[in-house]
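Chemist:
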Amino acid sequence: MLACSSIASAFPKVLTIFLFCYTGFTTLVYVDAIPRGLTLTLLGPIFVLSIYTYFTVIKVGAGSPLEFSELRITDVSAADQGLEFPPEFLTKRSVTLKRNGRFRFCRICNVWKPDRCHHCSSCNVCYLKLDHHCPWFASCVGFRNQKYFVQFLIQATTYSLVVFFIAGTHFLLWFRNERYKDEVINLQLLIVWILSVIITISMAAFTGYTVYLVTQNRTTIETYEWSEHNLQSNLLDEVRGTQTRESTNLFDLGSASRNWQCVMGQSCFEWVFPIPTQSQLRSRHTLDESGLYFEVNRDWRNEVSESMTLQEQLMRRLTPRSSYDHNNSRPFALGD
């Protein structure tokens, strides 16, 4: 079982590195219509940056609530009954709750789940702001490595596009100069060019969709969940003859640029290179910018706060006083 797990983890990494190295080496060696120095100048930097960013995604990881001892649950049954609460920094800022009005937690990991945190069935671990489990990395994309994942997609798309144009230029000049009369077409370079066409199209589509989600401040999992929620609401509306308000993304900061900067950083330098954002560096000794809580859409902040205040009043009546005082937390309040 351990051997199979190791193979499953290593295979996508080996395949990814092989594709980069094979396409780069073949393009550099067999393209003679363009000076080799120019080919190396065009491919070299993006090749190195892509490989470095790829392993940065894996090394940094998505980030897990298990890394925070404050989020450990002492008694799962007590948490389920509302007799044990999360730490105060979570109760004050959480805006997503369970259907019964209680705070979200994971029975497998025995931890409180902050907003946007989900359990990955493939890794069997909870991750902060989980976007999805990516088979090409054999790991999850979440709060900590989402920026690097987006950068890798853009870099890989650019790399495949450069290979496409360099190899395509070689074949264009090869046909235009009628070299096919004297020599056979280079099969390896042709394979690389075909690969570049396929990868460019597929990567461009996936990269475009991922960038769109970032500009909406929405993860892949959240998009799926809201789609399911809207579908169920529409079905109920048809039966009841009602009209349910469309679900709102509470984490949308109001503009595509603000949403983008929230994930990718404030400067172009941060957008291009796989480095921590300045806001993360400034907050490295605090709980801010740790994926435990997020800024909420200002237009809906008051509405959410009022709703959570009502929930707090209800919990004060239903929760035994001794249990509430023991935790010294104030549930369902969205900041002060």
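Throughout the sequence shown, residue numbering follows full-length UniProt numbering, covering 1 to 336 in sequence.
By construction, the Cβ of each residue, glycine as well, lies at the ideal position given by its N, Cα and C atoms.
Treat the numbers as computed from the prediction; the structure is a model and nothing was measured.
For the candidate residues 83, 24 and 61, whose alpha-carbon lies nearest to that of residue 189?
Modeler: Working through the sequence shown from its first residue, we reach residue 189 at position 189. The candidate whose alpha carbon is nearest that of residue 189 is 24.
Chemist: Return the CA-CA distance between residue 283 and residue 146, expressed in angstroms with no decimal places.
Modeler: Position 283 of the sequence shown, counting from 1, holds the residue named residue 283. Position 146 of the sequence shown, counting from 1, holds the residue named residue 146. Distance between the alpha carbons of residue 283 and residue 146 is about 18 Å.
Chemist: Judging by CA-CA distance, which residue of 71, 101, 218 and 137 is the nearest neighbour of residue 56?
Modeler: Your numbering for residue 56 matches position 56 in the sequence shown. That would be 137, whose Cα lies nearest to the Cα of residue 56.
Chemist: Just to confirm the assignment, what range does the beta strand (DSSP E) spanning residue 257 have?
Modeler: Counting from 1 along the sequence shown, the entry for residue 257 is found at position 257. Element bounds for residue 257: not the beta strand (DSSP E) but the alpha helix (DSSP H), 256-264.
Chemist: Between residue 287 and residue 255, what straight-line distance do the alpha-carbon atoms span, to the nearest angstrom?
Modeler: In the sequence shown, residue 287 corresponds to position 287, counting from 1. In the sequence shown, residue 255 corresponds to position 255, counting from 1. About 25 Å.
Chemist: Taking all protein chains shown into account, do 16 or more other C-beta atoms lie within 10 angstroms of the C-beta of residue 46, making it buried, or fewer, making it exposed?
Modeler: In the sequence shown, the residue the question calls residue 46 occupies position 46. Burial call: buried.
Chemist: Tell me, which residues are paired with residue 132 by DSSP?
Modeler: Numbered from 1 along the sequence shown, position 132 holds the residue referred to as residue 132. In DSSP, residue 132 forms a bridge with 141.
Chemist: As a quick exercise: from 193, 294, 203 and 198, pick the residue whose alpha carbon is nearest that of residue 26.
Modeler: The residue given as residue 26 occupies position 26 in the sequence shown. The candidate whose alpha carbon is nearest that of residue 26 is 193.
Chemist: Within the same chain, show all residues whose beta-carbon is closer than 6 Å to that of residue 151, passing over the 5 residues directly before and after it, in chain order.
Modeler: Your numbering for residue 151 matches position 151 in the sequence shown. Result list for residue 151: 53 and 274, in chain order.
Chemist: Does residue 54 come out as helix, strand or coil in the three-state DSSP assignment?
Modeler: In the sequence shown, residue 54 corresponds to position 54, counting from 1. If DSSP states are grouped into helix, strand and coil, residue 54 belongs with the helices.
Chemist: Residue 172: buried (16+ other C-beta within 10 angstroms of its C-beta) or exposed?
Modeler: On the sequence shown, position 172 is the one that residue 172 refers to. Exposed, because fewer than 16 other Cβ atoms sit within 10 Å of the Cβ of residue 172.
Chemist: Helix, strand or coil: which one does DSSP assign to residue 170?
Modeler: The sequence position of residue 170 within the sequence shown is 170, counting from 1. Correct three-state label for residue 170: helix.
Chemist: Where does the unbroken alpha helix (DSSP H) through residue 123 begin, and where does it stop?
Modeler: Walking along the sequence shown from the start, residue 123 turns up at place 123. Per DSSP, residue 123 belongs to no alpha helix (DSSP H) and is neither H nor E.
Chemist: Expressed to the nearest angstrom, what Euclidean distance is found between the alpha-carbon atoms of residue 67 and residue 191?
Modeler: Indexing the sequence shown from 1 puts residue 67 at position 67. Indexing the sequence shown from 1 puts residue 191 at position 191. For residue 67 and residue 191, the distance between alpha carbons rounds to 45 Å.
Chemist: Under three-state DSSP, which class holds residue 102?
Modeler: Translated into positions along the sequence shown, residue 102 becomes position 102. DSSP places residue 102 in coil when its eight states are reduced to three.
Chemist: Among 43, 17 and 16, which one has its Cα closest to the Cα of residue 29?
Modeler: Position 29 of the sequence shown, counted from the first residue, corresponds to residue 29. Nearest of 43, 17 and 16 to residue 29, Cα basis: 43.
Chemist: Spatial neighbours of residue 157 within its chain, please: CB distance less than 7 Å, with the 5 preceding and 5 following residues excluded, ordered by chain position.
Modeler: The residue given as residue 157 occupies position 157 in the sequence shown. Excluding positions up to five away in sequence, the list reads 200, 203, 204 and 207.
Chemist: What do you reckon, are the CB atoms on residue 170 and residue 31 nearer than 7 Å?
Modeler: Position 170 of the sequence shown holds residue 170. Position 31 of the sequence shown holds residue 31. Cβ atoms of residue 170 and residue 31: closer than 7 Å.
Chemist: By the three-class DSSP mapping on this structure, what secondary structure does residue 313 have?
Modeler: By one-based count along the sequence shown, residue 313 stands at place 313. Because the pLDDT of residue 313 is 47, which lies under 50, any placement of that residue in the model is unreliable, and the question is left without a value.
Chemist: How many angstroms separate the CA atom of residue 253 from the CA atom of residue 217?
Modeler: For the purposes of this step, residue 253 is identified with residue 253 of the sequence shown, where counting begins at 1. For the purposes of this step, residue 217 is identified with residue 217 of the sequence shown, where counting begins at 1. Taking the straight line joining both Cα atoms gives about 8 Å.
Chemist: Under a three-way DSSP split, which group does residue 184 fall into?
Modeler: Position 184 of the sequence shown, counting from 1, holds the residue named residue 184. Reduced to three states, the DSSP call for residue 184 is coil.
Chemist: Tell me the rounded alpha-carbon separation between residue 401 and residue 265.
Modeler: For the chain, the structure presents residues 1 to 336; residue 401 sits outside this window and is missing.
Chemist: Indicate the three-state DSSP secondary structure (helix, strand or coil) for residue 13 in the structure shown.
Modeler: Taking the first residue of the sequence shown as position 1, residue 13 is located at position 13. Note: residue 13 maps to helix in three-state DSSP.
Chemist: Can you tell me the Cα-Cα spacing of residue 220 and residue 18, whole angstroms?
Modeler: To locate residue 220, count along the sequence shown from 1; it is residue 220. To locate residue 18, count along the sequence shown from 1; it is residue 18. Each residue's Cα considered, the two are about 28 Å apart.
Chemist: Quick one: Cα of residue 336 to Cα of residue 121, how far?
Modeler: Counted from its first residue, the sequence shown places residue 336 at position 336. Counted from its first residue, the sequence shown places residue 121 at position 121. Note that residue 336 has pLDDT 34, beneath the 50 cutoff, so the model's placement of it is unreliable and the number below is only indicative. The alpha-carbon atoms of residue 336 and residue 121 are separated by roughly 36 Å.
Chemist: How many angstroms separate the CA atom of residue 100 from the CA atom of residue 115?
Modeler: Within the sequence shown, residue 100 is the residue found at index 100, counting from 1. Within the sequence shown, residue 115 is the residue found at index 115, counting from 1. If I take the Cα positions, the gap works out to 16 Å.
Chemist: Grab the span of the alpha helix (DSSP H) containing residue 90 for me, first residue to last.
Modeler: Within the sequence shown, residue 90 is the residue found at index 90, counting from 1. 88-91 is the extent of the alpha helix (DSSP H) around residue 90.
Chemist: Determine, using beta carbons only, whether residue 142 and residue 130 come nearer to each other than 7 Å.
Modeler: On the sequence shown, position 142 is the one that residue 142 refers to. On the sequence shown, position 130 is the one that residue 130 refers to. Cβ atoms of residue 142 and residue 130: closer than 7 Å.
Chemist: Residue range of the alpha helix (DSSP H) that residue 109 falls in?
Modeler: Translated into positions along the sequence shown, residue 109 becomes position 109. First-last for residue 109: undefined, no H or E at that position.
Chemist: Leaving out the 5 sequence neighbours to the left and right, which residues in its chain are closer than 8 Å to residue 263 when beta-carbon positions are compared?
Modeler: Taking the first residue of the sequence shown as 1, we reach residue 263 at position 263. For residue 263, where only same-chain residues beyond five positions count, the Cβ hits under 8 Å are 146, 147, 150, 214 and 217.
Chemist: By Cβ distance, which residues of its chain are closer than 8 Å to residue 135, with the 5 residues on each side in sequence left out?
Modeler: For the purposes of this step, residue 135 is taken as the residue at position 135 of the sequence shown. For residue 135, where only same-chain residues beyond five positions count, the Cβ hits under 8 Å are 12.
Chemist: Indicate whether residue 117 and residue 128 have their beta-carbon atoms separated by less than 7 Å.
Modeler: As a first step, residue 117 is located in the sequence shown; it is residue number 117 there, counting from the start. As a first step, residue 128 is located in the sequence shown; it is residue number 128 there, counting from the start. Yes. Within cutoff.
Chemist: Kindly indicate which residue of 63, 69 and 76 has the alpha-carbon position closest to the one of residue 132.
Modeler: As a first step, residue 132 must be located in the sequence shown, where it is residue number 132. Residue 132 has its Cα closest to that of 63, out of 63, 69 and 76.
Chemist: Which word fits residue 291, buried or exposed, when buried means at least 16 other C-beta atoms lie within 10 angstroms of its C-beta?
Modeler: If you number the sequence shown from 1, residue 291 lands on position 291. It counts as buried.
Chemist: To which residues does DSSP link residue 72 through a beta bridge?
Modeler: Counting from one through the sequence shown, the residue named residue 72 turns up at place 72. In the DSSP output, where bridge partners are listed per residue, residue 72 has 111.
Chemist: Just tell me which of 9, 16 and 8 has its CA closest to the CA of residue 195.
Modeler: Locating residue 195 in the sequence shown gives position 195, counting from the first residue. Residue 195 has its Cα closest to that of 16, out of 9, 16 and 8.
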